[in-house]
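Chemist: Per this note's numbering, the sequence shown starts with residue 57, numbered consecutively.
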Amino acid sequence: MTKPFRKLLKRLLPHGLVEISRNRRLLHDLGRDVPAGDYWRSDWLVHEAEASGLDLLPPGHWRNLRHVVDVGANVGQWSTMLLDLITPEKLVVIEPQPQAFAVLERLFGNRSNVELHNVAVGDVNGSTRLRITRDSTGASVLPPREEMRDLVGGNWTVESEIECPLRTLDSIVAQIPEISLLKIDVQGFEKAVLAGAAQTLARTNFLLIELNYMPQYVGGSWFGEIHQILTQEHAFVLVDASKPLRLNGRASMSDGLYVNTARLPDFAPREFG
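(1) Mind checking residue 224: buried by the 16 CB within 10 Å criterion, or exposed?
(2) Taking DSSP as the reference, what is the three-state secondary structure of residue 254?
(3) Quick check on residue 324: buried or exposed, where buried means 16 or more other Cβ atoms within 10 Å of its Cβ?
(4) Run through DSSP, which three-state label would residue 173 get?
(5) Give me, in chain order, the residues of the same chain whose beta-carbon lies closer than 8 Å to that of residue 159; leave out the 5 immediate sequence neighbours on both sides.
(6) Report back the beta-carbon spacing between residue 265 and residue 240 to the nearest angstrom; my notes put them in contact at under 8 Å.
(7) Can you give me the Cβ contacts of residue 9 inside the same chain, cut-off strictly under 6 Å, excluding the 5 residues immediately before and after it?
(8) Confirm, please, whether the CB-CB distance from residue 263 to residue 292 is below 8 Å.
(9) Specify the secondary structure class of residue 138 as computed by DSSP and reduced to three states.
(10) Which residues bound the alpha helix (DSSP H) around residue 227?
(11) If you draw a straight line from the alpha carbon of residue 288 to that of residue 250, how long is it in whole angstroms?
(12) CB residue 126 to CB residue 134, shorter than 8 Å?
(13) Could you give the first and the last residue of the continuous beta strand (DSSP E) run that contains residue 125?
(14) Thinking C-beta only, is residue 147 closer than 8 Å to residue 169?
(15) Output needed for residue 307: all residues of its chain with C-beta closer than 7 Å, excluding positions within five of it in sequence on either side, in chain order.
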C-alpha cells in the first residue's frame with residue numbers, strides 16, 4: 057500500500073470524516089468553500105484560523121469583518137493569516153520596530169486596503185523608549201523581567217533600545233466609523249493602549265487581546281486588571297479564549313476574545329435560573 061493511499065485512507069476513517077466535516081463548516085462560515093478533495097488547503101486554512109485566534113469568533117460573524125486593526129503586528133504574522141482567510145475593506149497594521157516595519161512594507165505596501173503605521177501605541181501622543189529583544193516578538197516599551205529570561209532563554213535579552221513615536225489608538229483610527237475586530241498584542245503594555253483607546257473601544261465589535269497570567273515585563277499588564285478594565289469601564293464580556301501557553305508548568309498567556317455588548321446586545325449576560 058502506497059504512502060499517499062494510506063494517508064488518504066486514514067483521513068477517511070470516522071475520526072477523519074468528523075475532522076473534514078468540522079473544517080468545511082468553519083471554512084464555509086468564513087466564506088471559503090474549499091473543494092471537497094482539497095484536504096491540504098482545507099487543513100492549512102483551519103490551522104491559520106486556530107493559530108491566529110480567529111476561530112474564537114462566533115459563527116456568523118466572520119463575514120462581517122469589514123474594518124480590522126492589528127496593534128503590535130511584528131512582521132505581519134497575524135495580518136498575513138487574516139488576509140489568507142478574509143478580505144476586509146480596511147486593515148490597519150501598527151508596529152514600532154523599524155526592521156519589522158520594513159518587512160510589513162514589503163508584504164503589504166502595495167495592497168490598497170492595508171494602512172501601515174510605524175509607531176508604538178499608548179496612552180498619550182509623544183515618544184517613548186522601545187526595547188528590542190533578540191527575538192523581536194518580545195520587544196516592548198517595558199523591560200522584560202529577569203525570571204522570563206530564565207524561562208525562555210537568551211531570546212528575551214534586550215539587544216538595543218530606540219526612541220520611537222508614541223500615538224494613542226484613538227488618534228490613529230479616528231476616521232474609522234466602526235471597527236469590526238481589534239487585535240492587541242503589545243507585550244505587557246496593554247493597559248496603556250486601552251487607556252488611549254476609549255473612543256476606539258466604543259466603536260469596536262470584537263477585541264482579540266493577549267491575556268497574561270504571569271508577569272512577563274516589569275510593570276506589565278496581567279489578566280485580572282485587563283479583564284476588569286474591559287468589563288467594568290467598558291461594555292465588553294469575555295466570550296472565549298485559546299488554550300494557554302504553559303511555561304514552567306504554569307499557564308502563561310492566551311488569546312482572549314471579548315465582545316462589545318453595547319454594539320452586539322445578543323451577547324449581553326443574562327440572569328441564570
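Ideal Cβ placement from N, Cα and C applies to all residues, glycine included.
Modeler: Taking the coordinates as given:
(1) buried
(2) helix
(3) exposed
(4) strand
(5) 131 and 132
(6) 5 Å
(7) The chain is shown from 57 up to 329; residue 9 falls before or after that span and cannot be answered.
(8) Yes, the pair counts as a contact, with Cβ atoms nearer than the cut-off.
(9) Collapsing the DSSP output to three states places residue 138 in a helix.
(10) 225-228
(11) 13 Å
(12) Closer than 8 Å, so yes.
(13) 123-127
(14) The answer is yes: Cβ separation under 8 Å.
(15) Closer than 7 Å at Cβ, skipping near neighbours: 269 and 300.
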